[in-house]
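Visitor: Those sequence lines, one after another, are chains A and B.
Each number in the working numbering comes from the position in the first sequence (counting from 1) with 12 added on.
Each number in the working numbering comes from the position in the second sequence (counting from 1) with 1 added on.
Here a beta-carbon is modelled for each residue, glycine too, at the ideal position from N, C-alpha and C.
The structure displayed is predicted, hence computed values, not measured ones.
What follows is a structure written as structure tokens; I'll ask about it next.
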Amino acid sequence: EACPRITMTDSKYFTTTKKGEIFELKAELNSDKKEKKKEAVKKVIASMTVGKDVSALFPDVVNCMQTDNLELKKLVYLYLMNYAKSQPDMAIMAVNTFVKDCEDPNPLIRALAVRTMGCIRVDKITEYLCEPLRKCLKDEDPYVRKTAAVCVAKLHDINAQLVEDQGFLDTLKDLISDSNPMVVANAVAALSEIAESHPNSNLLDLNPQTINKLLTALNECTEWGQIFILDCLANYSPKDDREAQSICERVTPRLSHANSAVVLSAVKVLMKFMEMLSKDLDYYGTLLKKLAPPLVTLLSAEPELQYVALRNINLIVQKRPEILKHEMKVFFVKYNDPIYVKLEKLDIMIRLASQANIAQVLAELKEYATEVDVDFVRKAVRAIGRCAIKVEQSAERCVSTLLDLIQTKVNYVVQEAIVVIKDIFRKYPNKYESVIATLCENLDSLDEPEARAAMIWIVGEYAERIDNADELLESFLEGFHDESTQVQLQLLTAIVKLFLKKPTETQELVQQVLSLATQDSDNPDLRDRGYIYWRLLSTDPVAAKEVVLAEKPLISEETDLIEPTLLDELICHIGTLASVYHKPPSAFVEGSRGVQHKRLPPRSGSNESTESPDVTPSAAAQPTEQQPAVIPSQGDLLGDLLNLDLGPPVNVPPIPSSTVQMGAMDLLGGGLDSLMGDETEGLGGDLSGSPAIGAGYGTPAVMPTSLTAPLGGGLSDLFDLAGGMNMPSGSYVEPKTVWLPAAKAKGLEISGTFSRRMGHIYMDLSLMNKAMQVMTDFAIQFNRNSFGMAPAAPLQVNAPLAPNQTIEVSLPLNTVGPVMKMDPLTNLQVAVKNNIDVFYFSCLYPINMLFVEDGKMDRQIFLATWKDIPNENEVQFQIKDCHLNADAVTNKLQSNNIFTVAKRNVEGQDMLYQSLKLTNGIWVLAELRIQPGNPNYTLSLKCRVSEVSQHVFQAYEVILKN
Amino acid sequence: MISQLFIVSARGDHLIYKDLRGEESKDVVDIFYQKVRSLPRDQAPVVMHHQGLQFIHIRQDTLYLVATTRCNVSPFTVVQFLVRLVSLIKDHCGTLNEKTLQLNFALVYELLDEMLDYGYIQTTSSDILKNFIQTVPETSKQFNLFELSNIGLFGADTQQSKVAPSIAASRPVFAMRTEEGLKTEIFVDVIERLTVVIGANGSLMRADVQGEVRMKCFLPSSTEIRMGLNEEFSIGKADIRGYAAAVKVDECSFHQSVNLDEFESDRILRVVPPQGELTVMQYSLSDDLPVSLPFRLFPTVDKDTDSNRLMVYLKLRCDLSPKSQALNVTVHLPVPKGTTSLSQELSSPDQRAELDSVTRSVHWTIPRFHGGSQLSALFKLEVPGLSASSLLELGPVCMQFELPMSTCSGLQVRFLRVSSTHPPLPHRWVRYVTHSDSYVIRL
């Protein structure tokens with residue numbers, strides 16, 4: 013709640029509220045003396061600013077409006093803008109003066125009137141404003157015209173239809189050719205904003221002629237106008253590389269502008285249009301060179317702006333590293349940089365690191381690693397490791413630097429160093445293992461899970477070279493249950509590795525860890541991994557060795573890269589908030605504004621078409637309604653913005669009890685036996701004699717193939733059950749479509765559909781693992797949506813999803829979640845998490861999912877309601893090519909909760925009157941006209957909320973045709 | 002598009018509030034205030050968001066100037082705009098603080114009305130704005146012409162300025178319209194920020210200068226000023242240096258009111274400055290400074306593991322010309338963690354040194370340091386558990402200082418001519434200062 017604080021001050025306007033103050037002001041406002049009046053209005057406005065309610069003075073202030081004194085007039089208008097909305101009836105009192113002022117010989121007064129009029133957001137008076145506005149748009153004075161141009165945007169926000177009907181949009185378009193650049197700039201700004209709420213309106217019809225006009229105005233208008241124009245240019249798609257080049261040439265001079273906002277807008281245009289230029293072109297090289305200095309200059313601004321600049325540079329470096337490849341030095345950290353600037357610089361340094369500059373970079377990083385700030389030091393240490401992985405020649409030096417740092421014994425430095433050394437081992441196997449001894453000395457000081465896990469991995473991986481590997485690993489076992497999952501999993505694997513390498517001495521240890529993992533742990537991942545090892549070891553040790561000690565795939569050189577399609581979109585938003593958040597605008601801008609996805613133009617060169625999606629500009633402008641839109645995953649911020657809370661996997665259901673009840677300590681023998689016996693009858697016997705671990709080793713037991721996934725088998729029954737609910741219950745279910753392609757979700761493919769069964773809505777999903785690794789920990793969450801659809805239960809995926817495996821899940825939904833209007837209405841944004849990452853996609857649900865079972869309206873009520881709903885809400889549709897008779901139609905619709913209230917036969921035509929109700933209580937009334945012999949039906953829909961009609965019509969079509 | 006614009010004091014008082022698009026409520030001001038007060042240390046505060054509403058703000062002394070928006074705007078645009086708003090309020094009201102805002106709120110609203118329409122920025126040019134502004138500013142105190150003789154740098158409010166802003170800074174530009182016979186004056190400041198990294202072996206690893214020429218003008222508008230720079234002034238890395246001590250910068254940008262017609266031939270800038278403050282030019286140079294570095298450090302470190310004592314002997318030489326001096330010199334020396342005490346020997350009594358356990362460093366302050374002289378300091382540090390790796394934590398040394406009356410680039414203003422036809426000639430002041438930005442010497 014806004015609670016104004018009044019400060020002690022000697023200012024005469026800011027005095028604390030006294031009784032009768034309003035009364036005094038009233039008297040002063042009605043004074044004859046001009047000065048006194050003015051002072052009184054000032055006092056009123058001062059009170060308004062600090063939050064006092066002075067709306068009671070409305071008529072008195074409005075009385076002061078008719079004056080020749082411009083200063084007083086301005087003050088009164090200021091008051092009007094603030095209170096007109098709360099006093100709509102009295103605002104009408106002001107209309108006459110506005111109309112009069114719009115005719116005043118003084119252009120300042122004309123402009124003042126037209127500017128204020130637009131700010132009075134009262135529907136009643138808008139129509140009075142049209143005539144004055146029309147005149148002002150054609151005023152002889154450019155100051156009045158530019159103000160009128162903005163007024164059109166204001167009016168459009170209040171009453172879009174009015175603006176269109178009055179033809180103001182066309183006048184606005186004409187103003188793009190105005191002789192005054194400021195008028196052009198405001199017209200462009202107003203049109204751009206209006207166009208955003210009509211994505212396909214083609215309001216801003218950019219063609220070579222208008223572009224030419226804009227480029228001319230660009231040279232003449234103020235710096236702020238230049239920004240409007242440049243941002244508008246960035247939305248244009250040149251027809252070929254020549255046009256792109258000529259625009260670039262005319263935009264380039266803006267790069268040396270003193271206003272960094274102009275510079276960034278120019279950079280955006282250039283980065284976008286460069287995409288169309290061939291890299292062989294001389295001009296392309298020239299342009300690259302011209303881009304570097306302005307970007308470097310941005311770094312001499314205040315720290316806050318530096319940060320914004322660095323976030324943009326981070327994008328530019330990922331897209332075109334060649335621009336700044338010689339500018340490494342400017343990203344070196346200054347000791348007095350704020351930490352957020354330092355961290356961002358470090359990130360860019362790594363991205364620019366190459367063989368040519370690695371020595372310099374490394375020398376810097378080494379310095380940073382001994383600074384005071386913990387976060388910065390950690391990141392610097394990590395950066396050294398990333399250098400080693402990125403530039404092979406530097407690996408040796410990096411490792412020795414890291415060893416030096418480990419010698420400092422500074423706890424967090426040591427831990428970070430060990431984490432990155434693990435990665436270096438992965439990248440360059442059998443090269444730097446000599447340092448293992450040094451690492452082992454620091455085992456005790458590691459208290460962070462990531463560092464502990466890394467160290468355990470190293471011990472397990474090189475167990476054969478570490479004499480006391482068993483002792484080291486055993487020391488971790490004592491507190492096994494207090495460790496984080498990461499460490500537990502790593503420890504399990506490391507001990508199994510150790511066992512496979514030194515089987516004779518470590519039987520006990522492996523028994524112990526398997527027992528801890530499978531029996532004493534509640535964590536399904538850990539148990540599953542434990543069982544897998546256990547079974548592998550007991551059945552086929554050779555295979556176990558092949559699996560566990562397999563050669564690992566190489567790790568990639570670059571980390572934290574932004575996904576290419578997102579990067580391309582962000583490049584189109586250089587200089588904006590999106591480029592600071594590294595999120596598409598749709599992630600943080602509500603409503604329609606700015607949600608349109610922008611794309612880079614397709615590259616003109618033939619061999620590089622893979623760089624950007626092959627989309628024609630016109631298609632790019634279409635909202636992606638057909639295609640499931642994948643919302644690119646980028647860490648947690650997006651999650652935050654969507655208000656998603658994807659915590660640890662929810663409600664992991666207990667594993668079927670039969671598998672858990674294994675009291676026997678002889679793990680690999682009896683325990684396994686009972687497990688197998690319960691799960692797969694008849695086969696358990698083969699294994700009952702399975703000797704204990706040591707002996708079992710010598711005799712390779714042959715595993716019946718059907719036994720390979722006993723657990724999976726049990727669970728698939730469960731899924732069959734879920735699948736079985738998918739029986740035809742009459743309501744139409746669309747076939748599943750792919751919502752999230754595997755390429756966008758690190759191998760997870762999700763396809764699905766919606767169904768309504770027994771009064772409940774389900775989201776039927778197929779999860780397919782196309783990755784090389786097992787997927788676990790699935791969870792799902794929806795963003796707010798139009799009908800409050802939300803999961804009624806957690807996503808139940810009870811077993812890990814093996815590569816190439818598909819699971820069918822049916823997720824029950826309810827409609828009591830948070831509501832936010834989506835565009836399109838039935839759009840649903842979904843986040844799915846697994847052990848790998850969080851993925852976002854959106855899908856459309858058929859609206860008939862929301863048709864409830866008690867949607868049959870009483871005849872009388874139907875008639876009354878039909879009449880009651882205004883005629884402009886009636887929408888008529890044609891359903892073509894349908895060959896059903898009225899009864900079949902009735903039945904088909906009824907099973908989808910569209911109920912026929914009455915049927916009439918008029919002149920051979922069947923008229924069906926139908927009703928349906930949505931989950932949120934919205935009624936839709938329908939009249940369906942069927943003419944015998946005519947396959948085209950006419951459907952009239954009436955609903956108080958007419959936006960749903962279109963969707964209901966689609967539902968009719970789909971239901972009747974399937 | 003800016004949705005709202007408001008100014009709140011550090012105590013949370015609403016000083017100015019303008020709703021530009023009728024989209025939001027006034028509660029936003031308090032939401033912002035709560036957010037900004039609860040900021041964690043390392044969050045970049047320039048953009049913040051709350052339920053889809055974005056806040057972009059700058060802080061000016063005790064005031065927050067804030068713009069909100071629901072669009073994907075350019076934060077650069079908004080910040081630049083807010084910065085201009087600050088300087089425009091200063092131009093009109095003399096200073097910007099709670100008091101002047103309360104006295105002149107009507108003027109500020111009038112300014113905002115002309116600067117922003119429906120959240121679109123219209124203009125920030127004082128020359129254009131003065132045609133529209135009706136309100137006469139009210140100043141809290143008549144300024145005293147006598148004080149003008151005692152001049153500090155008006156534009157020196159850089160990060161670490163110790164230079165007290167003079168009365169010139171708090172003088173409204175437009176207030177004199179009614180007062181006759183007031184002096185016409187023009188101030189030009191050349192301000193440079195120096196970034197240096199010297200490697201452990203004494204080699205210069207990096208040297209950058211960011212410079213700007215700023216002007217504050219109390220002249221009737223449309224007066225042309227001709228400013229002559231060094232004749233040997235050259236721009237661009239490729240140029241071959243001449244024989245003389247040429248002044249060379251890598252990049253240079255000029256304010257749009259600067260006419261460069263005479264620049265190529267005679268290095269003369271022709272400026273028709275709007276009234277008030279403006280940055281005439283900005284420039285930068287790197288790596289190749291024409292003058293020697295202001296400071297050299299010669300460190301010696303002795304480690305005595307037995308007594309857990311570290312002896313650091315610093316010899317600091319000031320290589321400025323004997324006529325010049327450095328002011329407010331501070332030397333920061335990070336020391337190993339766990340350092341328990343410091344004893345020092347300094348070469349003169351006005352110097353001080355202390356151990357700051359929070360930043361884990363020794364601060365050595367020297368109020369005044371003459372060119373050509375040399376100072377030394379011996380620090381004895383008690384470091385329990387001293388080891389070879391402790392030395393890694395020692396350093397790098399960072400220095401802060403200011404160098405009045407000198408520039409590292411060598412840039413000079415040769416002359417400043419005002420094409421004024423009416424006597425008396427305006428008073429002209431040209432001043433120079435170099436600040437350390439990040440001056441680092443590795444050990």
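Only counting runs of 4 or more residues, tell me where the alpha helix (DSSP H) segments fall wholly within the stretch 18-89 of chain A, in order along the chain.
Guide: 33-41, 46-61 and 70-75
Visitor: Quick check: what's the CA-CA separation for Asp482/A versus Asp435/A?
Guide: Numbered from 1 along the first sequence, position 470 holds the residue referred to as residue 482/A. Numbered from 1 along the first sequence, position 423 holds the residue referred to as residue 435/A. If you draw a straight line from the Cα of Asp482/A to the Cα of Asp435/A, it comes to about 23 Å.
Visitor: For Lys954/A and chain B, any beta-carbon pair shorter than 9 Å?
Guide: On the first sequence, position 942 is the one that residue 954/A refers to. Closer than 9 Å: no.
Visitor: For the beta strand (DSSP E) containing Arg916/A, name the first residue and the last one.
Guide: Position 904 of the first sequence, counted from the start, is the residue given in the question as residue 916/A. First-last of the beta strand (DSSP E) with Arg916/A: Phe911 to Val918.
Visitor: Roughly how many angstroms lie between the CA atoms of Asp116/A and Arg122/A, to the nearest whole one?
Guide: Translated into the one-based positions of the first sequence, residue 116/A becomes position 104. Translated into the one-based positions of the first sequence, residue 122/A becomes position 110. If you take the alpha carbons of Asp116/A and Arg122/A, they lie about 6 Å apart.
Visitor: Pop quiz: Ala463/A and Gln427/A are said to be a contact at Cβ under 8 Å. What is the actual Cβ separation, rounded to whole angstroms?
Guide: For this step, residue 463/A is matched to residue 451 along the first sequence. For this step, residue 427/A is matched to residue 415 along the first sequence. 4 Å between Cβ atoms; contact.
Visitor: Under 7 Å Cβ-Cβ, which residues of chain A neighbour Pro300/B?
Guide: Position 299 of the second sequence, counted from the first residue, corresponds to residue 300/B. Under the 7 Å cutoff, chain A gives no residues; its nearest Cβ is about 15 Å from Pro300/B.
Visitor: Got a sec: is the Cβ-Cβ distance from Trp236/A to anything in chain B below 9 Å?
Guide: For the purposes of this step, residue 236/A is taken as residue 224 along the first sequence, with counting starting at 1. So yes, Trp236/A belongs to the interface.
Visitor: Strictly below 7 Å CB to CB, what residues from chain A border Ile122/B?
Guide: As a position in the second sequence, residue 122/B is number 121, starting the count at 1. Under the 7 Å cutoff, chain A gives Trp236.
Visitor: Tell me whether Ile478/A, by its Cβ, gets closer than 8 Å to a heavy atom of the ligand NAP.
Guide: This structure lacks the ligand NAP; in fact it carries no ligand of any kind.
Visitor: Out of Asp135/A, Ala202/A and Met102/A, state which residue places its alpha-carbon closest to the alpha-carbon of Asp118/B.
Guide: Translated into positions along the second sequence, residue 118/B becomes position 117. Per the Cα distances, Ala202/A.
Visitor: Starting from Gly797/A, follow its DSSP beta bridges and name the residues at the other end.
Guide: What you label residue 797/A is simply residue 785 of the first sequence in a count that begins at 1. At residue 797/A the sequence reads Asn, which differs from the Gly that was named. Note: Asn797/A sits in a beta bridge opposite Val831/A.
Visitor: For Pro635/A and chain B, any beta-carbon pair shorter than 9 Å?
Guide: Taking the first sequence and counting its residues from 1, one reaches residue 635/A at position 623. Because the pLDDT at Pro635/A is just 40, under 50, the model does not fix this residue reliably, and the point stays unresolved.
Visitor: Looking only at its chain, what residues have a beta carbon closer than 8 Å to the beta carbon of Ile401/A, apart from the 5 residues adjacent to it on each side?
Guide: Here residue 401/A corresponds to residue number 389 of the first sequence, with the count starting at 1. So the qualifying residues of the chain are Ala407, Asp435, Ile436, Lys439, Ile567 and Glu569.
Visitor: Once you ignore the five residues that flank Val74/A on each side, which residues in its own chain have a CB closer than 6 Å to its CB?
Guide: Here the question's residue 74/A lines up with position 62 in the first sequence. Once the five neighbours on either side are set aside, the close Cβ partners of Val74/A are Met105 and Ala106.
Visitor: Would the stretch 119-126 of chain B and the stretch 57-70 of chain A be scored as touching if the rule is three or more Cβ pairs under 8 Å?
Guide: no
Visitor: Is Tyr284/B helix, strand or coil by DSSP?
Guide: What you label residue 284/B is simply residue 283 of the second sequence in a count that begins at 1. Tyr284/B falls in the strand class under three-state DSSP.
Visitor: From Leu504/A to Phe492/A, what distance separates their C-alpha atoms?
Guide: The sequence position of residue 504/A within the first sequence is 492, counting from 1. The sequence position of residue 492/A within the first sequence is 480, counting from 1. Cα to Cα, Leu504/A sits roughly 10 Å from Phe492/A.
Visitor: In angstroms, rounded to a whole number, what distance separates the CA positions of Val191/B and His50/B?
Guide: As a position in the second sequence, residue 191/B is number 190, starting the count at 1. As a position in the second sequence, residue 50/B is number 49, starting the count at 1. Looking at the two C-alpha atoms, the distance is approximately 38 Å.
Visitor: Closest Cβ-Cβ distance between Lys27/B and chain A: below 9 Å?
Guide: The residue you call residue 27/B lines up with position 26 of the second sequence. It does; some Cβ of chain A falls within 9 Å.
Visitor: If I measure Cβ to Cβ from Thr341/B and keep anything under 7 Å in the same chain, skipping five residues before and after, which residues do I get?
Guide: For this step, residue 341/B is matched to residue 340 along the second sequence. So the list reads Glu383 and Pro385, once near-sequence residues are dropped.
Visitor: So, for Gln78/A: in the same chain, excluding its five sequence neighbours on each side, which residues have a beta-carbon less than 7 Å away from its beta-carbon?
Guide: Position 66 of the first sequence holds residue 78/A. Closer than 7 Å at the Cβ level, and outside the excluded window around Gln78/A, lie Thr109.
Visitor: On the DSSP bridge list, what partners appear for Ala68/B?
Guide: Walking along the second sequence from the start, residue 68/B turns up at place 67. BP columns for Ala68/B point to Leu6/B and Ile57/B.
Visitor: Check each residue of the stretch 260-275 of chain A: if its Cβ is closer than 9 Å to any Cβ of chain B, include it; give the result in chain order.
Guide: For the stretch 260-275 of chain A, which is checked against every Cβ of chain B, the residues closer than 9 Å are Ser268, His269, Ala270, Asn271, Ser272, Ala273, Val274 and Val275.
Visitor: In three-state DSSP terms, what is Cys410/A?
Guide: Locating residue 410/A in the first sequence gives position 398, where the first residue counts as 1. In the structure shown, Cys410/A adopts helical secondary structure according to DSSP, grouped into three states.
Visitor: Would you verify that the beta carbon of Lys185/A is, or is not, closer than 9 Å to some beta carbon of chain B?
Guide: Looking up residue 185/A in the first sequence gives position 173. No, Lys185/A does not count as interfacial toward chain B.
Visitor: Could you check what DSSP says for His15/B in three-state terms: helix, strand or coil?
Guide: Here residue 15/B refers to the residue found at position 14 of the second sequence. In the structure shown, His15/B sits in a strand (DSSP, three-state: E or B).
Visitor: Whole angstroms are fine: how far does the CA of Ser446/A sit from the CA of Val363/B?
Guide: As a working note, residue 363/B is residue 362 in the second sequence. As a working note, residue 446/A is residue 434 in the first sequence. Approximately 39 Å, taken between the alpha carbons.
Visitor: Give the single residue among Pro858/A, Leu752/A and Leu930/A whose Cα lies nearest to the Cα of Tyr852/A.
Guide: Taking the first residue of the first sequence as 1, we reach residue 852/A at position 840. Closest option to Tyr852/A, Cα to Cα, is Leu752/A.
Visitor: Which chain B residues sit within Cβ distance under 7 Å of Phe600/A?
Guide: Sequence index remark: in the first sequence, residue 600/A carries index 588 (1-based). Residues of chain B passing the Cβ test: His50 and Gly53.
Visitor: Assign Lys564/A to buried or exposed, taking buried as 16 or more other Cβ atoms, counted over all protein chains shown, within 10 Å of its Cβ.
Guide: Walking along the first sequence from the start, residue 564/A turns up at place 552. Label assigned to Lys564/A: exposed.
Visitor: Buried or exposed for Met286/A, going by 16 or more other Cβ atoms inside 10 Å?
Guide: As a position in the first sequence, residue 286/A is number 274, starting the count at 1. Buried is the call here.
Visitor: What residues of chain B sit near Thr159/A, judged by a beta carbon separation below 8 Å?
Guide: In the first sequence, the residue the question calls residue 159/A occupies position 147. Within chain B, the residues near Thr159/A are Asp118.
Visitor: With a threshold of 9 Å between beta carbons, is Ile236/B in contact with chain A?
Guide: Residue numbering aside, residue 236/B sits at position 235 when the second sequence is read from its first letter. Not closer than 9 Å to any Cβ of chain A, the Cβ of Ile236/B fails to qualify, so no.
Visitor: Which one of Gly229/B, Arg194/B and Leu97/B has the shortest CA to CA distance from Arg418/B?
Guide: Against the second sequence, residue 418/B aligns to sequence position 417. Nearest option by C-alpha distance: Gly229/B.
Visitor: Can you list the residues of chain B that Ala309/A reaches, using a CB-CB cut of under 8 Å?
Guide: As a first step, residue 309/A must be located in the first sequence, where it is residue number 297. Before going further, note that residue 309/A is Thr rather than Ala in the sequence given. The answer, in chain order, is Glu252, Ser254, Gln283 and Ser285.
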